[in-house]
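Participant: So the number in the numbering used here is just where the residue sits in the sequence shown, counting from 1, plus 780. Where is the CB? At the ideal position from N, CA and C, for every residue including glycine. Mind having a look at this structure? Questions to follow.
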Amino acid sequence: MADCTDYLALLSSDNKEIVRESAFRAGEDNCVEAVPKLAELLKTNHLGIQEAVDSSLRKIGGRETVEAVIPLLRSDEAPVRNLAMDILREVGNQDMPSLIDLILDEDPDIRIFVADILGSTGNLLAVQPLCEALLKDPEVNVRYQAAVSLGELGMEDATPCLNKAINDEEWVQYSVIEALTKIGHTSSVDALVKALDGASDLVASMIIDSLGEMGNVKAVTMLLKRMADAPTALRNKIVKAIVKILGGKSLTLLSDEERERFRQYLLVALQDEDEEIQDAAIQGLAYVGGEEASSGILKIAGGLDQDRDQDRLQLIIGFLAQIGLTDALKQGLLGEDQDVARVSVQVLSQIAPEACTMEDCVCQVLIEAFWKAALPVQRQIVSVVAAKGEERSKDFFIRVLNEHEDGTVLKSAVYLLGEKLRLPEVVDQIFPLMDHQYDDVKEAALEACIAIDGPEVEARFQEMFRSEEPIRRLMATYALGKLGPMENLDILTQAVEDEIPDIRKVAVEALAASGGDEAVWRPLILHRLSDESKDVRLTVIEIMGQHYDEEMAPHLIDALNDEDDWVKIRAMDALGEHATPQAAPLMIDMLNNSNRFVVMKAIEALGNIGGSEAFSALLEVTNSDEYELVSAAEDAISKIQEM
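So, in structure tokens, the structure goes:
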């Protein structure tokens, strides 16, 4: 390994690669003696050398590095100056006196550079010289940078000088306001508010935003006093700041006079083009609003895109719901603007109580509006009322069932009357919907009738099973399996032999889920192991796994010879899960299957079954060149070893 003396020689080489490598190694070995030469090499027009030198100087650091790099700030080459500044931002705090001395340099550019660097030191010693520069330097850009750096330091000690500098030139004011916002000290509130008097519109706007960000309640009273004389744009900014500081709920604590005056300001701010101001006004009006507020907010909400503005829209809907039921919502519900009507329903759904009856004002508004509304709004209304409805709203839904034709609307009515209220009196209206053109309406009617239950319903499904239409037999099989599989065993026995695979599958599932005597339904299911439909066979295999016993094992083993790989796989899962030792030989044979997934499942099952045969076969698999198989075999072997 070269020592530092060697590096000094190598850094003077004519070979650029040697210089680059030596510069890098000098940093690795912390060669302080090489710092002056390294700093000199920063001026080399060679990117590789510059990168190595940059890295090493940062690693070595210390006073030596700071003193060596500072002169490069005066370089005529911008890249060299920039490199020097970056290095000093990182290591400058290791020699603060050298940096602080430069704050009084004759060259204003150097003063700007050092003001910038001091902001990155994180050192309290930087505050005083930066404050001196902020308050006394004749160059505006130095003062600007000093304020920026004081903000980056974020130390409360800088607050007094920043407060004094608030009335500097506008360019400096920008950075002073930003710095005060970052520090957020209470003493700055008075200084910022006082500065509003002589500030330009832009600076005044920044000050108000700053007060809002700082969130100090002390600013509210001062801002409220200035609202009356402020121009509209500025007053809207003040509205946003006050709402941000207080939140909406605290606005209710203002005096009646202040609250009413502020409500008027909020209504004006609602018309502002700035979304943040709009949102602040909406939040405030949620607590001090009324009809006019509801109307204005509803108009904004109606203009939003349901997908693109989803988060904002949901917040606004919540605020509208907080205002409560208003004429604006009622009118919006029946107006020509469908977007506003849609939002009105969403708002009313949040106002409505969990249990919606005819006595509930909001639900009554929705029900009365239903027959006058356009179809998309009708769908929304019926969905909301169905989700919250009780028996006292049944007449409305029965009328919907009798008079409406839209599938979506009918589904909501069927849900409430059937699944939720379980009213036998509507069976005659719901049952025919199982012949509806749309499958989702059929399904809703089917579930509703199953929920209603009773001898009449069961008799209807028994009659339906005799239909020549497969879909009707399928629904009847499903329903009778839910209503009473053992009581309808004769029908389910016929269904198991139906020509339609889906009907056979549903019948098999119903029998297995019946909870009845297994000796009765098990033979019917086992017979379907040879079903021509793969889906039926898969269903049988899954049932056998769930009801596994010694009698099931031979049938599951036979299923390993099925022509369909998925049937084999499900059988392997069941046999492996129940560690059936007599299945191991066939599993071992399957390790040579052409289907990779079958092989992986065989390995997994053998790991669950265990035993010497399985162990030996899995060891053989670990000699494979295929990583995935080897990994699976190793996991299976580990499982066997833990048995």
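Using beta-carbon positions only, say whether asparagine 903 and asparagine 873 come within less than 8 angstroms of one another.
Facilitator: Here residue 903 corresponds to residue number 123 of the sequence shown, with the count starting at 1. Here residue 873 corresponds to residue number 93 of the sequence shown, with the count starting at 1. It is a contact, given that the beta carbons lie within the stated cut-off.
Participant: Taking the continuous alpha helix (DSSP H) assigned at tyrosine 1045, which residues delimit it?
Facilitator: Along the sequence shown, read from residue 1 onward, the residue named residue 1045 stands at position 265. Looking at the DSSP string, the run of the alpha helix (DSSP H) that includes tyrosine 1045 is 1036-1049.
Participant: Between isoleucine 1161 and alanine 1149, is the Cβ-Cβ spacing less than 8 angstroms?
Facilitator: Looking up residue 1161 in the sequence shown gives position 381. Looking up residue 1149 in the sequence shown gives position 369. Going by C-beta atoms, isoleucine 1161 is nearer than 8 angstroms to alanine 1149.
Participant: Roughly how many angstroms lie between the CA atoms of proline 888 and valine 871, to the nearest whole one?
Facilitator: Counted from its first residue, the sequence shown places residue 888 at position 108. Counted from its first residue, the sequence shown places residue 871 at position 91. Cα to Cα, the separation comes out at about 22 angstroms.
Participant: DSSP on glycine 1169, reduced to helix/strand/coil?
Facilitator: Position 389 of the sequence shown, counted from the start, is the residue given in the question as residue 1169. Reduced to three states, the DSSP call for glycine 1169 is strand.
Participant: Thinking just about the alpha-carbon of each residue, which of Glu857, Leu1196 and Asn1182 is nearest to the one in lysine 1168?
Facilitator: Residue numbering aside, residue 1168 sits at position 388 when the sequence shown is read from its first letter. Residue Leu1196 is the option with its Cα nearest to lysine 1168.
Participant: For histidine 826, which residues from the same chain have a beta carbon less than 6 angstroms from its beta carbon, with the 5 sequence-adjacent residues on both sides left out?
Facilitator: One-based indexing of the sequence shown puts residue 826 at position 46. Counting only Cβ-Cβ distances below 6 angstroms, and skipping sequence neighbours, we find Lys796.
Participant: Are isoleucine 963 and glycine 934 closer than 8 angstroms when you measure CB to CB?
Facilitator: The count along the sequence shown starts at 1 and reaches residue 963 at position 183. The count along the sequence shown starts at 1 and reaches residue 934 at position 154. Contact flag set, yes.
Participant: Are aspartate 1175 and leucine 1155 close, meaning C-beta to C-beta below 8 angstroms?
Facilitator: Looking up residue 1175 in the sequence shown gives position 395. Looking up residue 1155 in the sequence shown gives position 375. No, they are not a contact pair.
Participant: Would the region 1035-1046 count as touching the region 982-996 if we require 3 or more Cβ pairs under 8 angstroms?
Facilitator: Not touching, per the Cβ criterion.
Participant: State the DSSP-derived secondary structure class of tyrosine 924, mapped to helix, strand or coil.
Facilitator: Translated into positions along the sequence shown, residue 924 becomes position 144. Helix at tyrosine 924.
Participant: Quick one: measure Cβ to Cβ for alanine 1153 and leucine 1113, integer angstroms, because I've assumed they're closer than 8 angstroms.
Facilitator: Mapped onto the sequence shown, residue 1153 falls at position 373. Mapped onto the sequence shown, residue 1113 falls at position 333. The Cβ separation is near 7 angstroms, so the contact holds.
Participant: Contact defined as beta carbons within less than 8 angstroms: I believe alanine 1363 pairs with glycine 1387. What is the distance between those atoms, to the nearest angstrom?
Facilitator: Position 583 of the sequence shown holds residue 1363. Position 607 of the sequence shown holds residue 1387. The Cβ separation is near 13 angstroms, so there is no contact.
Participant: Report buried or exposed for tryptophan 951, applying the criterion of at least 16 other Cβ atoms within 10 angstroms of its Cβ.
Facilitator: If you number the sequence shown from 1, residue 951 lands on position 171. Burial call: exposed.
Participant: Grab me the residues of glutamate 1236's own chain with a C-beta within less than 8 angstroms of its C-beta, minus the 5 sequence neighbours each way, in chain order.
Facilitator: Locating residue 1236 in the sequence shown gives position 456, counting from the first residue. Counting only Cβ-Cβ distances below 8 angstroms, and skipping sequence neighbours, we find Pro1204 and Val1207.
Participant: Report buried or exposed for tyrosine 1407, applying the criterion of at least 16 other Cβ atoms within 10 angstroms of its Cβ.
Facilitator: One-based indexing of the sequence shown puts residue 1407 at position 627. By the 10 Å Cβ count, tyrosine 1407 comes out exposed.
Participant: If you compare alpha carbons, which of Ala1008, Ala945, Arg1317 and Tyr954 is closest to aspartate 989?
Facilitator: Working through the sequence shown from its first residue, we reach residue 989 at position 209. Measuring from the Cα of aspartate 989, the nearest candidate turns out to be Tyr954.
Participant: In the DSSP assignment, the alpha helix (DSSP H) including arginine 800 goes from what residue to what residue?
Facilitator: Position 20 of the sequence shown, counted from the first residue, corresponds to residue 800. Where arginine 800 is concerned, the enclosing alpha helix (DSSP H) stretches over 796-808.
Participant: Given that a residue counts as buried once 16 or more other Cβ atoms are within 10 Å of its Cβ, and exposed if not, what is tryptophan 1301?
Facilitator: For the purposes of this step, residue 1301 is identified with residue 521 of the sequence shown, where counting begins at 1. Buried, since its Cβ has 16 or more Cβ neighbours within 10 Å.
Participant: Short of 8 angstroms in beta carbon distance, which residues of its chain neighbour leucine 1050, apart from the five on each side in sequence? Order them along the chain.
Facilitator: Within the sequence shown, residue 1050 is the residue found at index 270, counting from 1. Hits under 8 angstroms: Gln1058, Ala1061, Ile1062, Leu1065, Ala1073, Gly1076, Ile1077 and Ile1080.
Participant: How would you call leucine 1272, buried or exposed, if buried means at least 16 neighbouring beta carbons within 10 angstroms?
Facilitator: Residue 1272 sits at position 492 when you count from the first residue of the sequence shown. By the 10 Å Cβ count, leucine 1272 comes out buried.
Participant: From which residue to which residue does the alpha helix (DSSP H) around valine 1189 run?
Facilitator: Counting from 1 along the sequence shown, the entry for residue 1189 is found at position 409. Where valine 1189 is concerned, the enclosing alpha helix (DSSP H) stretches over 1187-1194.
Participant: With DSSP run on the structure shown, which of helix, strand or coil describes alanine 1154?
Facilitator: Within the sequence shown, numbered from 1, the residue matching residue 1154 stands at position 374. Looking at alanine 1154 - three-state DSSP - the assignment turns out to be coil, as it is neither helix nor strand.
Participant: Per DSSP, what kind of secondary structure is lysine 839 in: helix, strand or coil?
Facilitator: Taking the sequence shown and counting its residues from 1, one reaches residue 839 at position 59. In this structure, lysine 839 counts as helix in the three-state DSSP scheme.
Participant: Would you identify the three-state DSSP class for alanine 1010, choosing helix, strand or coil?
Facilitator: The residue you call residue 1010 lines up with position 230 of the sequence shown. Correct three-state label for alanine 1010: coil.
Participant: Starting from the C-beta of alanine 1225, find all residues in its chain whose C-beta is less than 6 angstroms away, skip the five residues before and the five after it, and write them out in chain order.
Facilitator: Mapped onto the sequence shown, residue 1225 falls at position 445. Contacts found: Val1194, Ile1210, Leu1213 and Met1214.
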